[in-house]
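**Student:** So the sequence shown is numbered by numbering that gives the first Met the number 0: it starts at 0 and just counts up by one.
So that we are looking at the same thing, I have put the structure below in structure tokens.
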Amino acid sequence: MHVEASTELLVRVFTLNPNPASGKALAKPGEPLVISCDPLDKTKKISWMKGTTDIPSDDAKLSVVENGTSILTISKPTEEDAASYSCNDGTDTKTIEVFYKVTVTTDETHTTASSALVEGKEVWIALKVTGVPAPTLAWTKDGAAWTMPSHVSAEEHNKIPNAMLHFKPIKVEDEGTYTCNATGAGMGTPNPPDVDTFEYKLKVKGKYAALVPFLAICAEVVILCAVIYFVEKKALKAEEPAPPTVAVVDAPEGDDAAAALPVDVVVSAEAVADAGQNLEAPAEN
Numbered sequence: 000m001h002v003e004a005s006t007e008l009l010v011r012v013f014t015l016n017p018n019p020a021s022g023k024a025l026a027k028p029g030e031p032l033v034i035s036c037d038p039l040d041k042t043k044k045i046s047w048m049k050g051t052t053d054i055p056s057d058d059a060k061l062s063v064v065e066n067g068t069s070i071l072t073i074s075k076p077t078e079e080d081a082a083s084y085s086c087n088d089g090t091d092t093k094t095i096e097v098f099y100k101v102t103v104t105t106d107e108t109h110t111t112a113s114s115a116l117v118e119g120k121e122v123w124i125a126l127k128v129t130g131v132p133a134p135t136l137a138w139t140k141d142g143a144a145w146t147m148p149s150h151v152s153a154e155e156h157n158k159i160p161n162a163m164l165h166f167k168p169i170k171v172e173d174e175g176t177y178t179c180n181a182t183g184a185g186m187g188t189p190n191p192p193d194v195d196t197f198e199y200k201l202k203v204k205g206k207y208a209a210l211v212p213f214l215a216i217c218a219e220v221v222i223l224c225a226v227i228y229f230v231e232k233k234a235l236k237a238e239e240p241a242p243p244t245v246a247v248v249d250a251p252e253g254d255d256a257a258a259a260l261p262v263d264v265v266v267s268a269e270a271v272a273d274a275g276q277n278l279e280a281p282a283e284n
């Protein structure tokens, strides 16, 4: 019996070199994302796909340099640009996984204003979190591990778990520095994890703190009224006419005494003598 055996050797030919060579890229906000594929046969045309969707060859993001390298550039990447990109030259296909950088900032539209952080009020601290894959969030207080009290909860915000702290209500002892540590998978092993840290300083006002400005204004008004009263009183007193004064003059002796008196009160000695005689003379019947 004759047995004929044949062996078929399959050899895969790699004709594309991706860049990054690791097949992983990290998109960062505000920075252009550039990935490329370099064919061994420079005459071949490269086609691109995002996930399962073809990227048109005339897309503004695509360009081909002189050596035949096909470059895909996203000038302002967003989370929506994080995906699996593949390039193909008709023979070989290479895939580049694009991740998106983890960032954590304040979501001002859903965070309680600092002016409203008053004891007894309901308060929210909301975060705007980016990152693909989505990061996990953990909170600490004043640089140490923190066990949330019963009146505080970490809630989901914009589909991100623990992205919002909710105080129901806030208390004076809640004052402090809160830190959110966001950790993403990043580009995976052996790359380091993708992390970002956010700090929020919470200063709580006492429930009667709002009265302080009002009381200060009242005190200023009282002081101002008192000053005006005393100034006006002093001014009125200065305008009152002075009472008449009588000058006492020592009358000179002798004949000069009459000369010193005013004209209308000068009386001759003879008139005085006659008056005296009239007073002494008995009345005639």
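Here a beta-carbon is modelled for each residue, glycine too, at the ideal position from N, C-alpha and C.
#1: State the start and end residues of the unbroken beta strand (DSSP E) segment that holds K49.
#2: Let's see if you can read the secondary structure: which residues bound the beta strand (DSSP E) around G162?
#3: Leaving out the 5 sequence neighbours to the left and right, which residues in its chain are closer than 8 Å to V63 when beta-carbon positions are compared?
#4: With a 10 Å radius around its C-beta and 16 neighbouring C-beta atoms as the bar for buried, classify G228 as buried or exposed.
#5: Look up E96 in the DSSP assignment and say whether it is helix, strand or coil.
#6: Between the Cα of A133 and the Cα atoms of A215, T182 and H109, which residue gives the shortest distance?
#7: Here's the rule I'm using: 16 or more other beta-carbon atoms within 10 Å means buried, otherwise exposed. How should M147 be labelled?
#8: Which residues mark the beginning and the end of the beta strand (DSSP E) in which K127 is found?
#9: So, are the CB atoms of K200 and G175 less than 9 Å apart?
#10: So, is K93 buried or exposed, given that buried needs 16 or more other C-beta atoms within 10 angstroms?
#11: Starting from the C-beta of E118, find all residues in its chain whose C-beta is less than 7 Å away, skip the five residues before and the five after it, and write them out in chain order.
#12: Cβ of T178 within 9 Å of Cβ of G130?
#13: Hey, would you say W123 sits closer than 9 Å to H150, going by beta carbons?
#14: For L116, does the three-state DSSP call read helix, strand or coil?
#15: Within the continuous alpha helix (DSSP H) that includes V216, where are the two ends?
#16: Considering only their Cβ atoms, is the gap separating A184 from F98 smaller than 9 Å?
#17: Keeping to the same chain, check which residues put their C-beta closer than 8 Å to that of K49; ignore five residues upstream and five downstream.
#18: Roughly how many whole angstroms lie between the Cα atoms of L32 and W47?
#19: Which class does T176 belong to by DSSP, given the choice of helix, strand or coil?
#20: Go ahead and label A144 buried or exposed: buried means 16 or more other beta carbons lie within 10 angstroms of its beta carbon, across all protein chains shown.
#21: Taking D193 and V101 to be in contact with their CB atoms under 8 Å, please state how far apart those CB atoms are, rounded to whole angstroms.
#22: From the DSSP output, read off the bridge partner residues of L61.
#23: E154 to K60, Cα distance in whole Å?
#24: Looking only at its chain, what residues have a beta carbon closer than 7 Å to the beta carbon of K120, apart from the 5 residues adjacent to it on each side?
**Tutor:** Answer, in terms of the structure:
#1: S46 to K49
#2: According to the sequence shown, residue 162 is Ala rather than Gly. A162 -> beta strand (DSSP E) spans I159 to F166.
#3: I45, S69 and I70
#4: As written in the sequence, residue 228 is Tyr, which differs from the Gly given in the question. Y228 is exposed by the Cβ-count criterion.
#5: strand
#6: T182
#7: exposed
#8: V122 to V131
#9: yes
#10: buried
#11: I169, K170, V171, V203, K204, G205 and K206
#12: no
#13: no
#14: coil
#15: Residue 216 is actually Ile in this sequence, not Val. Element bounds for I216: L210 to E238.
#16: yes
#17: A82, S83 and Y84
#18: 15 Å
#19: strand
#20: exposed
#21: 5 Å
#22: L71
#23: 39 Å
#24: P168 and I169
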